[in-house]
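Chemist: At position 28 of the sequence shown (counting the first as 1) the number is 239 in this note's numbering, and the numbers step up by one without a gap.
Every residue gets a Cβ at the ideal spot worked out from N, C-alpha and C, and that includes glycine.
Encoded as structure tokens, here's the structure I'll be asking about.
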Amino acid sequence: MLVRLLRARRSAPRLVHRLGFAVLTLHNTFGDTLVVKGWRRRNPDATGNAYLQAVRYTAKRPLPLLHAALAPVAWFPALAAALISSSVG
């Protein structure tokens, strides 16, 4: 279905798909970094895996949890578009 959707659209250079995917990946990485830094700032004496503890803290709050749950909804289709654009055309 995604292949048909991509073929039906006006063709875009493969670089556009790859750049879009790269920007989305960098954005997600930057967001994770901000979450961990914020958690470390609020809990400077905590030990252990800061990323895992920041994720647990985020999961307790509804809006950040919703945002974290929707991130893969955008990332995986972008990955699929980048991969399919490399093979279609």
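Take the Cβ of F287 as the centre, count every other Cβ of all protein chains shown within 10 Å, and call the residue buried at 16 or more, exposed below.
Modeler: As a first step, residue 287 is located in the sequence shown; it is residue number 76 there, counting from the start. The residue in question, F287, is exposed, as its Cβ has fewer than 16 Cβ neighbours within 10 Å.
Chemist: Is S297 buried or exposed, if buried means 16 or more other CB atoms sit within 10 Å of its CB?
Modeler: As a first step, residue 297 must be located in the sequence shown, where it is residue number 86. The residue in question, S297, is exposed, as its Cβ has fewer than 16 Cβ neighbours within 10 Å.
Chemist: Quick check on DSSP: helix, strand or coil for G259?
Modeler: Within the sequence shown, the letter at position 48 stands for residue 259. The answer is coil: DSSP assigns G259 none of H, G, I, E or B.
Chemist: At what residues does the alpha helix (DSSP H) containing V272 begin and finish?
Modeler: Here residue 272 is taken as the residue at index 61 of the sequence shown, counted from 1. Rather than Val, the amino acid found at residue 272 in this sequence is Arg. It is not in any alpha helix (DSSP H) - R272 carries neither H nor E in the DSSP assignment.
Chemist: Are there 16 or more other CB atoms within 10 angstroms of the CB of A265, so buried, or fewer, so exposed?
Modeler: Sequence index remark: in the sequence shown, residue 265 carries index 54 (1-based). The residue is buried, with at least 16 neighbouring Cβ atoms inside 10 Å.
Chemist: Using alpha carbons as the reference points, say which of L294, L281, L263 and R225 lies closest to V247.
Modeler: Along the sequence shown, read from residue 1 onward, the residue named residue 247 stands at position 36. Here the closest residue by C-alpha is L263.
Chemist: Over the uninterrupted alpha helix (DSSP H) stretch that includes N239, give me the two end residues.
Modeler: Counting from one through the sequence shown, the residue named residue 239 turns up at place 28. Segment R225 to R253, the alpha helix (DSSP H) holding N239.
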